[in-house]
Structures are given as C-alpha cells and as structure tokens.
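Chains as they are written, first to last, in the numbering used here: chain A, 1065 to 1215; chain B, -4 to 365.
Don't be surprised by glycine CBs; every beta carbon is placed ideally from N, CA and C.
One structure is given below, encoded as structure tokens.
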Amino acid sequence: MKKTGMIAFIVVFCVLALLPFAANAVSPKAPLELDYNTPAINMLEEHKCIEDTEFMKSSHMQLLDQWRNDVVRNGDIVYTATDGTRYEKSLDDTCLACHSNPEDFCDRCHTYEGVEPFCWDCHNSFGLWREDANNEALWQDYVSQVEGGQQ
Amino acid sequence: MKIIGPFIAVCVLACIAWLGTGPLSLYTLFGIIIPYLAFAAFIVGFIIRIVNWGRSAVPFRIPTTAGQEKSLPWIKQNKLDNPSSKAGVFGRMALEVLLFRSLFRNASTEKTEDGIAIGSAKWLWLGALIFHWSMLIIVLRHFRLFLDPIPAWISALEGIDGMFQIGLPVIYLTDLGIVAGLTFLFLRRVVVPRIRYISQAIDYFPLFLLLGIACAGIIMRYFTKVDMSAVKELCLGLVSFQPVANVTEPIFYVHVFLVCCLLVYFPWSKLMHAGGVFFSPTRNMANNSRAVRHVNPWNYEVKKHTYEEYENENWEKMKALGLPLDFEHVKEEEPPAEAEGAKADAAEGANAGAAEGAAAEAATTQDSEG
C-alpha cells in the first residue's frame, strides 16, 4: 500500500478510536442527580420505597412488568412487600403518587443511561400524572369511551 | 489440550478479575489502570502492525482475481470482482469488509457414487456474518456508556436491536447473535474433522475470550444486575480523564478485564485481520496492468550509457575513420592538469572502452526489459 494510504488509514483509525475522548472534552459530563423532593415523599416519616433501594434500583423494571401482567391479565392488584405492607399494584397510584416528578426522577436516570422504557407508551397518553389541564379532559374522554364500550 | 488450554486460560483471566475485585476490592486497578493501559496498548499495537504492513513489499497488481478483467470493448468486464478503477476497488473492498464476499464463494467438494460433486458452502459465511455484525452493533451500542448526552443514532440502534421487546430488560438480538455466531464458529472447528486437524490453540483462544466477554455481559444485563449509573459514571470518567471506580459488582470487572485482555491481545493475533483485510493485495489494487505501466518501486537507478554519449566520446576517432555521425559533437571542457594523462588512457584503451560500453549497453537493455 502506498504511504499516503497507510497514513490515511492510521489517521482514520486514531480518529475513530479517540472520538469518545474528544466528544467528552467538548461537552463535559453533568453528574446524575435524582430529585426526591416531592410533597408526598417529604411527608413520609421514613424515606423508604416499597422495597429496599438496592432492589428498586436494579429490579424496578421487572417488578413493574410483573405488576402489569398481574393486573391486566389476572386481575391481581395487591402487592405484599417483603416487610408485609400491602400496596396497590399501580404505576400511577402507587409509584407516581410519591414520585410525582417523573421528569426529574424516572426520566433523568433513563436519559442518562440511554434506556427507553415503554411505560409511557400507554401511561403518558392520557396525562395521568402530568399536570396538564387538557389531559384531564382526554382522560375523561377515554374513561367514557371504555365505559361506553363495555355497556 | 488445544481446546482445553485456551478455555482454562480464559477461565483463569476471569478468575483474576473476580478475585481482584470481589475479595480484594482492587477497583482502581481493574476499573481504571488496566483499562487505560489496555487501550493504549491496543492503539499503539494496532499502529505498529499497520506501519509494518504498510512498509513491506507489495506485489504487482494481481490480474488473476475472480472475474473478467478489463479487456476488449466487446468483452464484459466484471467491475466489482476485477476492477480497473479506484471506485471499483472501493466497491470490492466494501463488499469484502461488510459482506465477506470471498467467504460467500466458498465451495465444498464431495465424493459421490457418480464422481465428484461441487456445491456452495455458505455456513461459514453466514456464521461469520452473524458474529461480526453482532459484534459491531454491540460495540456501537456500548457508546451510550461513553457519551453524554447520548446521540440519537445510538438510541435508534438500541431500539432496533431490541425491537421484539422480549423480556425485561429487553433482549438484544445481537446478544443472541454473537453467542450463536461464536458457538457456531467453535463447533465448526470441533465437528469438522479437517478443520479440527488444522485448528490450533490460537484459533480457540479468541473464540473463548469473546464468548467469555459476551457471557459476562449477558449475565450482568439480564441476571445478576449492576448499578448502571455507577457504570456510566466510570465509563464517562475514563473518557474525560476524571476516572472514578465506584462500581462494586465483580461481574462487571470480569467483563471489563476480559475486554482489556482482548484489546491487548488483538493487535498481535489473528484478530488483526480487522486491519489486515485492507492490505490484501488481491483486494486493494485495481487491475490496470494493461493500461498503466507500474514500475517496481525498489528498482535501483540503472546507469545508462547512451549511443549519443558513446559517439560523443569517440567522435574524433569515428570522424577520422569516416563512420556516419548522428549527433552534434559537444566538446567537453578539458580540465587542465589531468587532461593529458586522461587523453592518453582513452587512446590506449579505446578498443577496450568500446567493448565495455557495448557490454554496459547490453546489460542496460536486459535490465529495463526485466
């Protein structure tokens, strides 16, 4: 191979290999911080989720997936935590009741790690937790549609 | 031993990382120091290999690659298999690198009752393609850990990779692909007797190493779990030169340590075909030997003695003998002191000089023809 070809090859190789370094030199990283400051959490006597933090951090997605299947397919809506407390298996009424700031809690971590959960494929459509007046109307719309369909 | 040896070697490497971070908690060593050293070794090693190859002798254009070369206008050229232009070479190389065109041509020969049957053999091509593409996509996917914010194309790639949304975390197709591909490539070496006979430990070691890396990654993602925000912090720290090793799960360090071993091993092993494919003489040169004259680059400068010079040197004698003269005589400026002696020498050795000149000319002709 000609000398120019060889040099071009090495340059391309080095650029590709060092691209992540360059990218981070240009836009320095912002540390990940989750926001636990919501009215419901502040009112809790003990700042504790339904299971311990370690478990919630690593396995919340599997827990939610299990809940979804239990509720939608088996009509089983009661979750008994390890400490015996009973909770409703509901993303909206249990999780988001405390974590009412999903943009600063769920999304922040998911965006940081590049995870795209499909929770919001359904839950977001009707704005159950987003403070948006229009979405309340949408939700009522949806409820009446479902009820109408069932009758 | 050819198979067990490399297998044990990979297990030992995995155990080193496990023991180093499990009981010994050497997070800085396995999370920061070794990855930096391994990456540097990879870059330097890769460049050294490329430079060595780039500086070695290259044969002439090889006109016997598959396909019809450019010939008379009414003979159809195979422009991709036997290109005569740079664009054609680019196309041939791209097909080779991206689609393994030469493996696609593999054929197998079998003895049958009627004689010999020749058929196409696509299994190696398919297995290699599945493995390599999975590997490429997996490597690209990992850039989500090194970039913040994550570019849209990486998210898109992940979305496509996990498009069936099976299980949680969503199963990546490439995770299945890389394990299936590597397993196939391994089984091929074990099951086919001829391939088993020529397979050495260095053929098995990379397979086991890559399988080890893939398995550690799969275990980490789908089963034992690691703290992903800590992992991302570690990765971002590495690429922004503010490293923090705050991951505590040994399985993560097993994965990383095996990757480091791969990086160090890569440039000095058969895996270097990743860079070497671009230096394949049958792939990277246009077959234009009929259209362009290629001079051997390391030919030394042949000392030529033209007839014009010869005539000029012997002009006076030739003139005196009445021989036909083709060129105008250019008189050399005679240096004052040695001129007489030199002239005498020239006169004495006139015949011998002429003979030498003729011999030199003959030699020159031969050289330029050869």
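Contact between the stretch 26 to 40 of chain B and the stretch 248 to 255 of chain B is present: three or more C-beta pairs spanning the two stretches fall below 8 Å. The closest CA to that of residue 1140 of chain A, considering only A:1146, A:1152, A:1148, is found on A:1152. Contact annotation: residue 200 of chain B and residue 12 of chain B have beta-carbon atoms that are not nearer than 8 Å. When Cβ pairs closer than 8 Å are counted between the two stretches, the stretch 136 to 145 of chain B is seen not to touch the stretch 185 to 194 of chain B, the count staying below three. Looking from the CA of residue 280 of chain B, the closest CA among B:19, B:125, B:7, B:84 belongs to B:84.
In this structure the stretch 124 to 142 of chain B lies against the stretch 168 to 181 of chain B, because at least three pairs of beta carbons, one per stretch, are closer than 8 Å.
The Cβ of residue 1070 of chain A sits closer than 8 Å to at least one Cβ of chain B. Residue pairing of residue 104 of chain B in beta bridges, as defined by DSSP: B:113. By DSSP's assignment, residue 1152 of chain A forms a beta bridge with A:1142. Burial check for residue 1148 of chain A: the Cβ neighbour count within 10 Å stays below 16, so the residue is exposed. For residue 1139 of chain A, not one C-beta of chain B is nearer than 8 Å to its own C-beta. For residue 1133 of chain A, no CB of chain B lies under 8 Å from its own CB, so it is not counted at the interface with that chain. Beta-carbon to beta-carbon, residue 229 of chain B and residue 202 of chain B are separated by about 28 Å, too far to satisfy the 8 Å threshold. Using a Cβ-Cβ cut-off of 8 Å, residue 138 of chain B is close to 1084 of chain A, given in chain order. Counting only residues of its own chain and dropping the five nearest sequence neighbours on each side, residue 51 of chain B has no CB closer than 7 Å to any other CB. Rounded to the nearest whole angstrom, the C-alpha separation of residue 1118 of chain A and residue 24 of chain B is 25 Å. Taking all protein chains shown into account, residue 226 of chain B has 16 or more neighbouring C-beta atoms within 10 Å of its C-beta and is therefore buried. Between residue -3 of chain B and residue 194 of chain B, the C-beta gap is smaller than 8 Å, which places the two residues in contact.
DSSP places residue 263 of chain B within a helical segment (H, G or I) once states are collapsed to three. For residue 1173 of chain A, the chain B residues whose Cβ falls inside 9 Å of its Cβ are 223, 224, in order along the chain.
Closest option to residue 1120 of chain A, judged by alpha-carbon separation, among A:1136, A:1169, A:1068: A:1169. Secondary structure at residue 1113 of chain A: coil, using DSSP grouped into helix, strand and coil. Listed in chain order, the positions of the stretch 143 to 173 of chain B with a beta carbon within less than 8 Å of a beta carbon of chain A are 143, 144, 145, 149, 150, 153, 154, 160, 163, 164.
Taking a C-beta distance under 8 Å as the contact criterion, residue 179 of chain B and residue 122 of chain B qualify as a contact pair.
For a cut-off of 8 Å, the C-beta gap from residue 277 of chain B to residue 60 of chain B is around 5 Å, short enough to register as a contact. When A:1110, A:1145, A:1112, A:1137 are compared, the shortest CA-CA separation from residue 1127 of chain A is found for A:1145. Not flagged as an interface residue toward chain B: residue 1157 of chain A, since no C-beta distance is shorter than 8 Å. In the structure shown, residue 306 of chain B adopts helical secondary structure according to DSSP, grouped into three states.
Residue contact with chain A for residue 46 of chain B: present (Cβ-Cβ distance below 8 Å to some residue of chain A). For residue 1088 of chain A, the uninterrupted alpha helix (DSSP H) run begins and ends at 1067 to 1090, by DSSP.
If the five residues before and after residue 169 of chain B are omitted, its C-beta is found closer than 7 Å to the C-beta atoms of 129, 132, 133, 156, all from its own chain and listed in chain order.
Chain-order list of chain A residues neighbouring residue 81 of chain B: empty, with the shortest C-beta distance near 11 Å, by a criterion of under 9 Å. The Cβ-Cβ distance between residue 311 of chain B and residue 320 of chain B does not fall below 8 Å.
Taking a cut-off of 8 Å on C-beta distances, the stretch 1075 to 1082 of chain A touches the stretch 36 to 49 of chain B, as three or more cross pairs fall below it. Residues of chain A with a Cβ closer than 8 Å to the Cβ of residue 227 of chain B are, in chain order, 1096, 1176, 1177.
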